[in-house]
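In what follows, a single structure is set out as structure tokens and then discussed.
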Amino acid sequence: MITKFQMRRLLSIAAVLFLASALLNALLQRHMVSAETVTRLMGVLKGIILIVCANEVPKRLPPLARLYCHPARDLAYRRILGWLAVAAGLGYTLAYAFAPLPMARIIGICVLVLVLVVAVCMMSCVVWTRYGNRRSTS
Amino acid sequence: MTSIFKALADPTRRQVLQMLRAGPLSAGTLADAFDVSKPTMSAHFAVLLAADLIEAEKSGRVIMYRLKMSVLEEALMGFAQAFGLQVTPESPTTTASRRTKDKS
């Protein structure tokens, strides 16, 4: 369920992205910044947004996992995912800020895929535990 | 943010958060782990709840406390633990005794 707070946050993130891209596009058309700078700034902005969102993961993630596994394990998964996502956001931001652009793109995709793979592994682990428990009880 | 710093300033509250890292615990279990009175412990829980660092769930007569910290808050706690952060010298005990004095 999306709360009012989450909706407001999502809308403000969308507004920030829209305004930043409009501003950078206007600057680019007036030849005040280079295309590389625009790509880098947008990358850094996306990384910062990822950090801000990932920071809230352990706190705001709906407690659905509690239905499927032990609360302690649920908490551990949330914490690992939160820390990993923040680290990925940090990596994404730093890559776009300092690495050469072609490499920054690769690093960006790699860190996002890594977080996604870990999240999917954790979910499968939770579902597998649940399935195993149900089979052992029946 | 002030409420978070206030909550993390006290070593007992930090220890409660450390214990909750392992998983949800009942109020009684947490209170037994410290050498403080039950009302003082309740005051500590109230501060942590106000800072939104833990959440309480009542099941029957038992209150279960669960950790509810963001990554930044956890990092702040680690920082406070490492460097012995003491933002406010006030603990719930001193505040409570001051309130009693004010009343009398």
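Protein sequences appear in the order of chains W and U. Residue numbering for the first sequence follows the numbering used here, starting at 14 and increasing by one per position. Residue numbering for the second sequence follows the numbering used here, starting at 39 and increasing by one per position. Here a beta-carbon is modelled for each residue, glycine too, at the ideal position from N, C-alpha and C. These numbers come from a predicted model, not from an experiment.
Measure the C-alpha to C-alpha separation of residue i and residue j and round it to an integer number of angstroms.
| i | j | result |
| --- | --- | --- |
| K139 of chain U | H82 of chain U | Note that K139 of chain U scores a pLDDT of 46, beneath 50, so its modelled location is shaky and nothing firm can be said. |
| D90 of chain U | L107 of chain W | 31 angstroms |
| P127 of chain U | G95 of chain W | A caution first: P127 of chain U carries a pLDDT of 45, below 50, which makes its placement in the model unreliable, though a value can still be read off. Going by the C-alpha atoms only, they are around 31 angstroms apart. |
| P71 of chain W | A132 of chain W | 13 angstroms |
| L87 of chain U | A94 of chain U | 8 angstroms |
| A39 of chain W | K17 of chain W | 33 angstroms |
| I62 of chain W | S75 of chain U | 44 angstroms |
| M57 of chain U | A100 of chain W | 24 angstroms |
| T131 of chain U | D73 of chain U | Because T131 of chain U carries a pLDDT of 48, less than 50, the predicted location of this residue cannot be relied on, and no value is offered for it. |
| F111 of chain W | V126 of chain W | 21 angstroms |
| V45 of chain W | S34 of chain W | It should be noted that the sequence gives Met, not Val, for residue 45 of chain W. C-alpha separation (whole angstroms): 14 angstroms. |
| S25 of chain W | T78 of chain U | 41 angstroms |
| L74 of chain W | S47 of chain W | 39 angstroms |
| A27 of chain W | L54 of chain W | 16 angstroms |
| A117 of chain W | V109 of chain U | 25 angstroms |
| M20 of chain W | L68 of chain U | 36 angstroms |
Any idea if residue i is buried or exposed, counting beta-carbon neighbours within 10 angstroms, 16 or more meaning buried?
| i | result |
| --- | --- |
| G66 of chain U | exposed |
| I92 of chain U | buried |
| L36 of chain W | exposed |
| D87 of chain W | buried |
| I64 of chain W | buried |
| K106 of chain U | buried |
| S142 of chain U | Interpretation of S142 of chain U is limited by its pLDDT of 46, a score under 50 that renders its predicted location unreliable; the figure taken from the coordinates is listed afterwards. Exposed, because fewer than 16 other Cβ atoms sit within 10 Å of the Cβ of S142 of chain U. |
| R135 of chain W | Note that residue 135 of chain W is Met in the sequence shown, not Arg. M135 of chain W comes out buried. |
| R137 of chain U | For R137 of chain U, the pLDDT reaches just 48, beneath the cut-off of 50, and the residue's location in the model is therefore unreliable, leaving the point undetermined. |
| D48 of chain U | buried |
| M115 of chain U | buried |
| G60 of chain W | buried |
| G102 of chain W | buried |
Which chain W residues are close to residue i, counting only those with a beta carbon under 7 angstroms from its beta carbon?
| i | result |
| --- | --- |
| M107 of chain U | P71, K72 |
For the candidate residues the options, whose alpha-carbon lies nearest to that of residue i?
| i | options | result |
| --- | --- | --- |
| E112 of chain U | U:V85, U:A69, U:R52 | U:R52 |
| R59 of chain U | W:F111, W:G102, W:A85, W:C138 | W:A85 |
| K96 of chain U | U:L87, U:F72, U:S64, U:M79 | U:S64 |
| I120 of chain W | W:L129, W:A27, W:G104, W:V139 | W:G104 |
| P113 of chain W | W:T52, W:V130, W:L32 | W:T52 |
| R10 of chain W | W:H83, W:E69, W:G102 | In the structure as shown, chain W begins at 14 and stops at 151. Residue 10 of chain W is therefore absent and cannot be evaluated. |
| S137 of chain W | W:Y90, W:C123, W:A67, W:R73 | W:Y90 |
| V57 of chain W | W:R43, W:Y109, W:A28, W:E49 | W:Y109 |
| Q119 of chain U | U:T40, U:V100, U:V54 | U:V54 |
| A71 of chain U | U:V100, U:T50, U:R99 | U:T50 |
| P62 of chain U | U:A84, U:S80, U:V100 | U:V100 |
| W141 of chain W | W:H83, W:V29, W:L74 | W:H83 |
| A84 of chain U | U:L110, U:A45, U:T40 | U:A45 |
| L129 of chain W | W:C66, W:V139, W:A98 | W:A98 |
Applying a beta-carbon distance threshold of less than 9 angstroms, which residues of chain U neighbour residue i?
| i | result |
| --- | --- |
| L88 of chain W | L58, R59, A60, G61, P62, R104, L105 |
| G60 of chain W | Those within 9 angstroms of G60 of chain W in chain U number zero; the least Cβ separation is about 15 angstroms. |
Going along chain U, which residues have a C-beta under 8 angstroms from residue i?
| i | result |
| --- | --- |
| A85 of chain W | A60, G61, P62 |
| A67 of chain W | V109 |
| G104 of chain W | Neighbours of G104 of chain W on chain U: none; closest Cβ ~14 angstroms, over 8 angstroms. |
Along chain U, which residues have their Cβ under 7 angstroms away from the Cβ of residue i?
| i | result |
| --- | --- |
| V99 of chain W | V109 |
Using 9 angstroms as the limit for Cβ to Cβ distance, is residue i near chain A?
| i | result |
| --- | --- |
| D73 of chain U | Among the chains of the structure shown, chain A does not appear; the protein chains present are W and U. |
| Every unbroken beta strand (DSSP E) within the region 21-85 of chain W, with a cutoff of 3 residues, ordered by chain | none
| message | Give the list of continuous alpha helix (DSSP H) stretches no shorter than 4 residues that lie fully inside the region 63-104 of chain U. | response | List check, alpha helix (DSSP H) in window: 65-70, 76-88.
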